[in-house]
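Peer 1:
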Amino acid sequence: MPTPKGPEPLPRRLASLVIIALALAALLAACGEDGPQLPFVPTPAPTPEQPRDVAITVLTSGTDEPVAGAAVSVDGATATTAADGTATVTAMRGASVEVTADGHDPASAAVPDEGPLQVALRSNVVSGRVTDEAGEPLAGVRVFVDGGERMVETGEDGAYALAGVPAEGTLIYKMPGYRLGEIAIDAEMTKDVAMQPFAARALYAPAAVFEAPGRLDAMLELIDRTEVNAMVIDVKETDGRLYYATDLETAAEVGAIREAPIFDLEELLPMLKERGIYTIARMVVMKDNTSAAARPELAVRNSATGEPWRDNIGGAWLDPSAPGVAEYIASIAGDLADKGFDEVQLDYIRFFSDGPYDVADTNLPNTQSFRLPAIQRVLRVVSERLDMTKTFLAADCFPISFIVPDDQGIGQRPEVIMPYVDYFSPMVYPSHYGPGVFGFPVPNDHPYEVIDETLQIMNEQKEGLPVVIRPWIQDFGYGSFAPYTADQVRTEMQAADDNDAKGWMIWNARAIFTESALGPPRDGEDSAPMTSASPEPAASASEAPSGAPSPSLMASPSP
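The sequence shown stops at residue 600 when you use my numbering, and every number in between is there.
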């Protein structure tokens, strides 16, 4: 039998590994608690990252223009850029950098790992120059963002600069006597704007025009056939209730909202504007039966009864000096602007008249020194409400208070009205001038001369103000006077045009107008807002026969 073999020897390489393993085990055992301690060198901690100096350059976005004076903030420290737009800060890599500068939107960035940092800031200042079509500068043009809170006016050179302009929205350019400008905001922050003139030639539209079948269509057809380009629409008469649908809270509180409104502005105004018609809302202000009854503290009071005072035909009047009156009127005017009227016209913007004065009691003494500031405040409050809207403000006035040196007991004078309105609308009806005015025994028979004399005085009174005169003229007969003829109406228009009035408004209480007094349509006109900085030239109002104003110069309403 073969002899049995013993275990085969391990390969030499494997044997070496075994010996090393046994030696390592012995070494580890020797390093136990009872064994000797060997000196180990610990691994050093990593060196903390150090901040670095970084050069930051701030530019206006879209340009190479440096922004000097920008505040650069990082890690609680702030540096200011020099004239070349640069600043150096010490900061950690990745640290947040906040940059702010006047006239620019703020921006943020992060410190890069290496190299400089460039930050672009969007300029939020729109600047430029506003001129008329001939390139002459226009002073006093209001410039603001639609829905914004900041407004500037152009200087004598037509220049302006409006800060805080957002990246999107619409710039409004507003100047009486010109079309409204609605220019879209874009990347171009220099906008030179050429304003296009506009003169409204309007017919009066009382509630009956909207209530009686066919009346509105007939008026629109008349407008289509003639030079008329505007309508003065009654929205509030002496009754005090509003003719239009609204949820205005102040009107609801006094019961001034009708259960069945006469028209809905959301339907009416777009239809009229689509036809190129400039829309003017006429609201009776101080003569207001509804508000006087609901809130007697706003009304002129009867000192004998304690009830609201009534005039000779039973009408109640608000007291312009009573707290809350101005605010109530402004709330309605603002509502009309928000609903889209091109213009809000205040009628009966005056103190009460034609009644038992001896029992009339007002919040403040009924003297001129108190009446004038009261009317002025009402107009200021309403003007402030409409100032930064796309709606112009107008006021109807008796000419007598602008011809004689006192307010005729009603609080109307040029110095308290003209500075606060865009359009001044004197009621220059020759039939309402008393005998002897301007030396005429019967002013009704001298329409040109009476209106010419009146507007010459008013042009002197408005000197230095941006207010534009657009008068009311008559197309009716008054008292024993016969209705005006087409020639007489055209004579009124000519007098207005010769005195640089911007259009006219024709009054006829029944809205029955003499078509032969009206010229043909004027080509090239547009009442809609301009949407381009340089609109195509349109026919100027002076290129065609002009028209004339509305309500007139009455004999003194004082007792």
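Note that CB positions come from ideal geometry on N, CA and C, so glycine has one too.
1) May I ask you to verify whether the region 160-168 touches the region 200-210, counting CB pairs closer than 8 angstroms and requiring at least 3?
2) Assess, as a yes-or-no matter, whether the region 376-390 is touched by the region 311-323 under the definition of 3 or more beta carbon pairs within less than 8 angstroms.
3) Starting from residue 133 and walking both ways along the beta strand (DSSP E), at which residues does that stretch end?
4) Quick test of the definition: if touching needs 3 or more C-beta pairs under 8 angstroms, does the region 525-543 touch the region 551-563?
5) Would DSSP call residue 238 helix, strand or coil?
6) Tell me, please, whether the CB atom of residue 339 is closer than 7 angstroms to any CB atom in chain D?
7) Taking the alpha carbon of residue 174 as the reference point, which residue from 146, 220, 434 and 433 has its own alpha carbon closest?
8) State the DSSP-derived secondary structure class of residue 277, mapped to helix, strand or coil.
9) Name the DSSP bridge partner or partners of residue 546?
10) So what does DSSP say about residue 417, is it helix, strand or coil?
11) Could you round the C-beta distance between residue 507 and residue 216 to whole angstroms and report it? I think they count as a contact, below 8 angstroms.
12) Among residues of its own chain, excluding the 5 on either side of residue 348, which ones have a beta-carbon nearer than 8 angstroms to its beta-carbon?
13) What does a CB cutoff of less than 6 angstroms around residue 429 pick up in its chain, not counting 5 residues either side in sequence?
14) Leaving out the 5 sequence neighbours to the left and right, which residues in its chain are closer than 8 angstroms to residue 476 when beta-carbon positions are compared?
15) Please find out if some non-hydrogen atom of the ligand SAH comes closer than 6 angstroms to the beta-carbon of residue 450.
16) Within 8 angstroms, do at least three Cβ pairs link the region 423-438 to the region 358-371?
17) How would you write the range of the beta strand (DSSP E) that residue 94 sits in, first residue to last?
18) Where does residue 338 fall in DSSP's three states?
19) Determine the closest residue to residue 114 out of 478, 131, 570 and 458, with distance taken between C-alpha atoms.
20) Hey, quick one: how far does the alpha helix (DSSP H) through residue 488 stretch, first residue to last?
21) With DSSP collapsed to three states, give me the class of residue 540.
22) Once you ignore the five residues that flank residue 377 on each side, which residues in its own chain have a CB closer than 6 angstroms to its CB?
23) From residue 242 to residue 361, what does the alpha carbon distance come to, in whole angstroms?
24) Expressed to the nearest angstrom, what Euclidean distance is found between the alpha-carbon atoms of residue 346 and residue 197?
25) Which runs of the beta strand (DSSP E) at least 3 residues long sit entirely within the region 305-393? Give them in chain order.
26) Starting from the C-beta of residue 363, find all residues in its chain whose C-beta is less than 6 angstroms away, skip the five residues before and the five after it, and write them out in chain order.
27) Using 7 angstroms as the threshold, is the C-beta distance between residue 537 and residue 512 below it?
28) State buried or exposed for residue 353, treating a residue as buried only when at least 16 other CB atoms are found within 10 Å of its CB.
29) Should residue 189 and residue 170 be called a contact, given that it needs their Cβ atoms to be closer than 7 angstroms?
30) Counting only the same chain and skipping the five closest in sequence on each side, list residues whose C-beta sits under 6 angstroms from that of residue 267.
31) Can you tell which of 432, 212 and 124 has the C-alpha that lies nearest to the C-alpha of residue 375?
32) Check this for me: beta carbons of residue 283 and residue 292, under 7 angstroms apart or not?
33) Where does residue 605 land, buried or exposed, given buried means 16+ other C-beta within 10 angstroms?
34) In the DSSP assignment, find the unbroken beta strand (DSSP E) run with residue 437 in it and report its ends.
35) Taking 6 angstroms as the limit between beta carbons, can you name the residues of its chain near residue 397, skipping five residues before and five after?
36) What separation, rounded to the nearest whole angstrom, lies between the Cα atoms of residue 246 and residue 256?
Peer 2: According to the structure data:
1) yes
2) yes
3) Note, residue 133: premise wrong, no beta strand (DSSP E); not H, not E.
4) Because the criterion of three Cβ pairs below 8 angstroms is met, the region 525-543 and the region 551-563 touch.
5) In the structure shown, residue 238 sits in a strand (DSSP, three-state: E or B).
6) Chain labels in this structure do not include chain D; a single protein chain is all it has.
7) 220
8) strand
9) Beta-bridge pairing links residue 546 to 243 and 513.
10) helix
11) 7 angstroms
12) 337 and 342
13) 185 and 192
14) 482, 483 and 484
15) Among the components of this structure there are no ligands whatsoever, and the ligand SAH is therefore not found.
16) The region 358-371, when compared against the region 423-438, does touch it at the 8 angstroms Cβ threshold.
17) 93-101
18) helix
19) The shortest Cα separation from residue 114 among 478, 131, 570 and 458 belongs to 131.
20) 488-502 is the span of the alpha helix (DSSP H), which, as asked, contains residue 488.
21) coil
22) 322 and 385
23) Cα atoms of residue 242 and residue 361: separation of roughly 31 angstroms, rounded to the nearest angstrom.
24) 56 angstroms
25) 319-325 and 384-388
26) 339 and 404
27) yes
28) exposed
29) no
30) 559
31) 432
32) Closer than 7 angstroms, so yes.
33) Past the edges of the chain, shown from 42 to 600, lies residue 605, and the structure says nothing about it.
34) 433-438
35) So no residue of the chain qualifies.
36) Straight across, the Cα-Cα distance linking residue 246 with residue 256 is about 10 angstroms.
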